[in-house]
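Student: Protein chains in written order, with the working numbering: chain A, 249 to 473; chain B, 840 to 966; chain C, 24 to 323. For every residue, glycine included, the Cβ atom is placed at its ideal position computed from N, Cα and C. Could you have a look at this structure, given as structure tokens, before my questions?
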Amino acid sequence: MRKLVNFVGLDFATIQPYLSLKTCLIYLAVCIFVTLTTRNADIGLSATLMMGMIMMSYPFAIGEKCNLDALYVTLALPRSTVVSGRYLFTALMDLLTAVLGLAAVGLLSLFEPKIRQSLLSPGQGLALSSIFLTFCLLQALQLPAYFKLGYSKARLAGLLPYAVLVLLVALLGNLPAGLTQSLTSLLQTLTRQPLLTALTALLAIGLSWLLSARIALVFYRKREF
Amino acid sequence: MKIIISNRSDRPIYEQIKQQIRDAIFAGLLEAGDLLPSIRQLARDLQVSVITITRAYNDLEQEGFINNVQGKGCYVLPRNQELLREHARQKVEQGLGEAVDAAKAGGIPKAELMEMLDILCREEHYE
Amino acid sequence: MNDLSETGLILKVQGLGKHYPSFDLHDIDFDLPQGYIMGFIGPNGAGKTTTIKSILGLIRPDQGQVTLFASINPAAPPETPQSCLAKHSRIGVVMDRPLYNEDWTVRQIARVLAPFYPKWDDQKFQQYISRFALSPDKKLKELSRGMQVKLQLAVALSHHADLLILDEPTSGLDPVARDEICDLLCEFVSDPHKSVLFSTHITADLEKIADYLTFILNGRMVYSGSKDDLLEKYVRVAGGLDDLTPQQQALIIGYRAYSSGFEGMCLASHLQQLPRQLLTEPVTLDELIVYMHKGEAQHA
């Protein structure tokens, strides 16, 4: 357990030199810009999470450049600790960006009624849940690829989830009428039950990450440095 | 005691070290009961391998110059007359060998060589 | 004076082999006792780094095994993967390129690594960086190669490693820096419980300080044992072109003929079969590697 905590600390130390004030300000500016131009809190939040996802890949990128995977072996860290630690680090980064993004959007909503409206709309529970679910599922697909192939090789593979997402959206737009109808009614039900929706999303995230981490560990055990 | 090593010598380093310790004992610089530097200390100081020093000390112990007391270190043993004489004999042999070679090369007859030795001894009052 | 028999083995490599598409490592077998320096020599590409990576657990050998800090106590509990892994924190590693984030500062590296070492000694680290004149606020990538090696040594010595494994620590360093590193290694093994495995192709560094040598050529082990034994086993010989009969020439390893003579090396035990007028002298490690390499090529 102590090793796990130490490893998460090591990951934060790894990205720390790149987490300068300048980068943070740029990220914040993009987030504010997107939110203000679209006047939609959810899109602003998605943009923030997107940037969080870029940050989350840093330990892989730096690790590959500086051969940190070999360092972990010389520090007597079991591979399972590296995998679970990296997932924990990613989750913490997600949480951090979500909180920061929400705070920024919330702040903006004080000045711009349209943003306030989008933030307080009745479907917000569903919207937030689905945004988080989407991002977390994307990461669940991405992380094992990084563990298997290393950063530079997995970067292309890492784009795959986005392609899946675009395909999914396109598919949803062209569904047969009957299916669209039942989907709409499902969404309405979910809108009325924000708590249940959130819990379901959380459960789905948890399960997908557990599965993803399992697979990542199988891949990572085979790696040589 | 002085121990120095030559990096250009054909003689192995352990030989050089052995020789210098032996010379120091003969010259009386090291006396019976003196403690030699520990193997690891000397290896560290001279920047040579531990095995090299171990070998020099082992040889000296076998030749009866020093005694290794487990856990304490290596002590110089009292000088043994027989050993001293043996050492002297070796040196004399070496010197005389050179003299014989030089005489041979210069065409100096054996009788003259003997005479020279005689004169030298007389000059040094060695009878 | 049983300095040799009182100690345990710090590292045992048995039948190590690893297959790559373009390179094979075969049957690497050696023991490193406590309290000694072992030089690991061979030309570039002979398999030194592959062997070291196998010892460190960075790659999985296809054959053979590596035993670290073999317990002398027969009643000790059997090895588990965890206990085996835990031993890695007793190894100090100096690689060709440090395994740290290049944007970390010297100070940060110590802070980041300390929690992973049970025996981390921060005071000692401070002493070493001031002794090596490493400025704590410099980033790793701003340090010269010599400084990077010294930083890795400072880390290794501050976590009280019992075994130092160095992969080409002196390549690309000036004579002063190389001497400092050799001095440090001598200082390290003045503690009879600590050992060093030191790969290099600059054999001058090993000529004096190494106790043992393991010598590999083209992925195969040529020799492993005491350095003195190896250097005494062979003699460098040189002579005129018509000094040798063909049978005698076959005894010369790495035979090279030129317009006015030949040179090579032979087993000291073969010397009496050769004519007496040949020039004979002790062989240096560099010459030994070159003649062995040539000999291998001539036989192939």
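By the criterion of Cβ-Cβ separation under 8 angstroms, what are the contact partners of V889 of chain B in chain C?
Tutor: In the second sequence, the residue the question calls residue 889 of chain B occupies position 50. In chain order: D26, G58, Y59, I60, V212 and D234.
Student: Determine the closest residue to I310 of chain A out of A:L455, A:F467, A:Y266 and A:L435, with distance taken between C-alpha atoms.
Tutor: As a first step, residue 310 of chain A must be located in the first sequence, where it is residue number 62. Ranking A:L455, A:F467, A:Y266 and A:L435 by Cα distance to I310 of chain A puts A:Y266 first.
Student: So Q886 of chain B contacts chain C; which residues on that side make the cut at Cβ distance below 7 angstroms?
Tutor: Position 47 of the second sequence, counted from the first residue, corresponds to residue 886 of chain B. The contacting residues are C205, D206, C209, K231 and I232.
Student: The beta strand (DSSP E) spanning I82 of chain C covers which residue range?
Tutor: For the purposes of this step, residue 82 of chain C is taken as residue 59 along the third sequence, with counting starting at 1. Taken as a continuous stretch (DSSP letters only), I82 of chain C belongs to no beta strand (DSSP E), as it is neither H nor E.
Student: To the nearest angstrom, report how far apart V117 of chain C and S158 of chain C are at their CA atoms.
Tutor: The count along the third sequence starts at 1 and reaches residue 117 of chain C at position 94. The count along the third sequence starts at 1 and reaches residue 158 of chain C at position 135. Their backbone Cα atoms lie some 19 angstroms apart in a straight line.
Student: So, for Q86 of chain C: in the same chain, excluding its five sequence neighbours on each side, which residues have a beta-carbon less than 6 angstroms away from its beta-carbon?
Tutor: For the purposes of this step, residue 86 of chain C is identified with residue 63 of the third sequence, where counting begins at 1. Counting only Cβ-Cβ distances below 6 angstroms, and skipping sequence neighbours, we find G38 and G40.
Student: Using a Cβ cut-off of 8 angstroms (strictly closer), state whether A882 of chain B contacts chain C.
Tutor: Locating residue 882 of chain B in the second sequence gives position 43, counting from the first residue. A882 of chain B counts as touching chain C.
Student: Taking all protein chains shown into account, decide if S28 of chain C is buried (16 or more other Cβ within 10 angstroms of its Cβ) or exposed.
Tutor: Mapped onto the third sequence, residue 28 of chain C falls at position 5. Bear in mind that the predicted position of S28 of chain C carries a pLDDT of just 43, short of 50, making it unreliable; the figure below should be weighed with that in mind. Flag for S28 of chain C reads exposed.
Student: Using the Cα positions of E925 of chain B and F865 of chain B, report the straight-line distance between them to the nearest angstrom.
Tutor: Along the second sequence, one-based indexing puts residue 925 of chain B at 86. Along the second sequence, one-based indexing puts residue 865 of chain B at 26. Roughly 12 angstroms separates the two Cα atoms.
Student: Could I get the ranges of all uninterrupted alpha helix (DSSP H) runs contained in the stretch 195 to 263 of chain C, with 4 residues as the minimum, in chain order?
Tutor: Taking only runs of at least 4 residues, the alpha helix (DSSP H) segments lying wholly in the stretch 195 to 263 of chain C are 198 to 211, 227 to 232 and 250 to 256.
Student: Going by CA-CA distance only, name the one from C:T73, C:D47, C:G62 and C:Y314 that's closest to R279 of chain C.
Tutor: Translated into positions along the third sequence, residue 279 of chain C becomes position 256. Among C:T73, C:D47, C:G62 and C:Y314, the Cα nearest to that of R279 of chain C belongs to C:Y314.
Student: Taking CB distances under 8 angstroms as the criterion, tell me whether D849 of chain B reaches chain C.
Tutor: Counting from 1 along the second sequence, the entry for residue 849 of chain B is found at position 10. Closer than 8 angstroms to some Cβ of chain C, the Cβ of D849 of chain B qualifies, so yes.
Student: Is V466 of chain A close to chain C? Criterion is C-beta to C-beta, closer than 8 angstroms.
Tutor: As a position in the first sequence, residue 466 of chain A is number 218, starting the count at 1. It does not: the Cβ of V466 of chain A has no partner Cβ on chain C nearer than 8 angstroms.
Student: As a quick exercise: from C:H316, C:V135 and C:D54, pick the residue whose alpha carbon is nearest that of N241 of chain C.
Tutor: Within the third sequence, numbered from 1, the residue matching residue 241 of chain C stands at position 218. Nearest option by C-alpha distance: C:H316.
Student: For R334 of chain A and R327 of chain A, what's the separation of their Cα atoms in angstroms?
Tutor: As a working note, residue 334 of chain A is residue 86 in the first sequence. As a working note, residue 327 of chain A is residue 79 in the first sequence. Using only the alpha carbons, I get a separation of about 11 angstroms.
Student: For Q37 of chain C, does the three-state DSSP call read helix, strand or coil?
Tutor: What you label residue 37 of chain C is simply residue 14 of the third sequence in a count that begins at 1. Q37 of chain C: strand per DSSP, three-state reduction.
Student: List the residues of chain A whose Cβ lies closer than 9 angstroms to the Cβ of E191 of chain C, in chain order.
Tutor: The residue labelled residue 191 of chain C in the question sits at position 168 within the third sequence. Per Cβ cutoff of 9 angstroms: no residues; E191 of chain C is ~15 angstroms from chain A at best.
Student: Give me the Cβ distance between W143 of chain C and H182 of chain C, rounded to the nearest whole Å; I'm assuming they're in contact under 8 angstroms.
Tutor: What you label residue 143 of chain C is simply residue 120 of the third sequence in a count that begins at 1. What you label residue 182 of chain C is simply residue 159 of the third sequence in a count that begins at 1. So it is a contact: roughly 5 angstroms between Cβ atoms.
Student: Anything in chain C within Cβ reach of F473 of chain A, meaning under 8 angstroms, just list it in chain order.
Tutor: As a first step, residue 473 of chain A is located in the first sequence; it is residue number 225 there, counting from the start. Those are K76, L81 and I82, listed as they occur along chain C.
Student: Could you work out which residue in C:D185, C:G169, C:L189 and C:G195 is closest to K71 of chain C when comparing CA atoms only?
Tutor: Here residue 71 of chain C corresponds to residue number 48 of the third sequence, with the count starting at 1. Looking at the Cα atoms, C:L189 is the closest of the given residues.
Student: Alpha carbon to alpha carbon, how far is L207 of chain C from V199 of chain C?
Tutor: As a first step, residue 207 of chain C must be located in the third sequence, where it is residue number 184. As a first step, residue 199 of chain C must be located in the third sequence, where it is residue number 176. Rounded to whole angstroms, L207 of chain C to V199 of chain C spans 12 angstroms at the Cα level.
Student: Look up L157 of chain C in the DSSP assignment and say whether it is helix, strand or coil.
Tutor: For this step, residue 157 of chain C is matched to residue 134 along the third sequence. Coil at L157 of chain C, not helix or strand.
Student: If you drop the 5 nearest sequence neighbours on each side, which residues of the same chain put their C-beta closer than 8 angstroms to that of L916 of chain B?
Tutor: As a position in the second sequence, residue 916 of chain B is number 77, starting the count at 1. Closer than 8 angstroms at the Cβ level, and outside the excluded window around L916 of chain B, lie A871, G903, F904, I905 and N906.
Student: Whole angstroms are fine: how far does the CA of D317 of chain A sit from the CA of L308 of chain C?
Tutor: On the third sequence, residue 308 of chain C is found 285 positions in, with the first residue counted as 1. On the first sequence, residue 317 of chain A is found 69 positions in, with the first residue counted as 1. The alpha-carbon atoms of L308 of chain C and D317 of chain A are separated by roughly 35 angstroms.
Student: So S249 of chain C contacts chain B; which residues on that side make the cut at Cβ distance below 7 angstroms?
Tutor: Residue mapping note: residue 249 of chain C aligns to position 226 of the third sequence, counting from 1. The contacting residues are I890.
Student: Applying a beta-carbon distance threshold of less than 8 angstroms, which residues of chain E neighbour I114 of chain C?
Tutor: The chain inventory of the structure shown lacks chain E, comprising the protein chains A, B and C.
Student: Bridge partners of D190 of chain C, per DSSP?
Tutor: Mapped onto the third sequence, residue 190 of chain C falls at position 167. DSSP, once it has assigned bridges, lists C:S222 as partnering D190 of chain C.
Student: Kindly list the residues whose CB is nearer than 7 angstroms to the CB of V908 of chain B, restricted to its own chain and excluding five residues on each side of it in sequence; keep chain order.
Tutor: The residue given as residue 908 of chain B occupies position 69 in the second sequence. Result list for V908 of chain B: Y914, in chain order.
Student: For F380 of chain A, which of A:L336, A:Q441, A:L368 and A:G454 has the nearest alpha-carbon?
Tutor: Counting from one through the first sequence, the residue named residue 380 of chain A turns up at place 132. Checked all of A:L336, A:Q441, A:L368 and A:G454; the closest Cα to F380 of chain A is A:G454.
Student: Please state if the CB of V931 of chain B and the CB of D234 of chain C are separated by a distance shorter than 8 angstroms.
Tutor: Walking along the third sequence from the start, residue 234 of chain C turns up at place 211. Walking along the second sequence from the start, residue 931 of chain B turns up at place 92. No.
Student: Since L356 of chain A and T286 of chain A are thought to touch, with beta carbons under 8 angstroms apart, how far apart are those beta carbons, to the nearest angstrom?
Tutor: Looking up residue 356 of chain A in the first sequence gives position 108. Looking up residue 286 of chain A in the first sequence gives position 38. At roughly 11 angstroms, the Cβ-Cβ gap does not stay under 8 angstroms, so L356 of chain A and T286 of chain A are not in contact.
Student: Within the stretch 872 to 941 of chain B, note down every full beta strand (DSSP E) run reaching 3 residues or more, in order along the chain.
Tutor: For the stretch 872 to 941 of chain B, whole beta strand (DSSP E) runs of length 3 or above, ordered along the chain, are 905 to 908 and 912 to 915.
Student: Under the DSSP definition of a beta bridge, which residues are partnered with A280 of chain C?
Tutor: Counting from one through the third sequence, the residue named residue 280 of chain C turns up at place 257. Partner(s): C:F285.
Student: Please say whether Q171 of chain C and A261 of chain A have beta carbons closer to each other than 8 angstroms?
Tutor: One-based indexing of the first sequence puts residue 261 of chain A at position 13. One-based indexing of the third sequence puts residue 171 of chain C at position 148. Going by C-beta atoms, A261 of chain A is not nearer than 8 angstroms to Q171 of chain C.
Student: Between the Cα of P442 of chain A and the Cα atoms of A:L386, A:S378, A:L413 and A:Y394, which residue gives the shortest distance?
Tutor: By one-based count along the first sequence, residue 442 of chain A stands at place 194. For P442 of chain A, the nearest C-alpha among the options comes from A:S378.
Student: Does DSSP put G349 of chain A in a helix, in a strand, or in coil?
Tutor: Reading the first sequence from its first residue, position 101 is the one you call residue 349 of chain A. Correct three-state label for G349 of chain A: helix.
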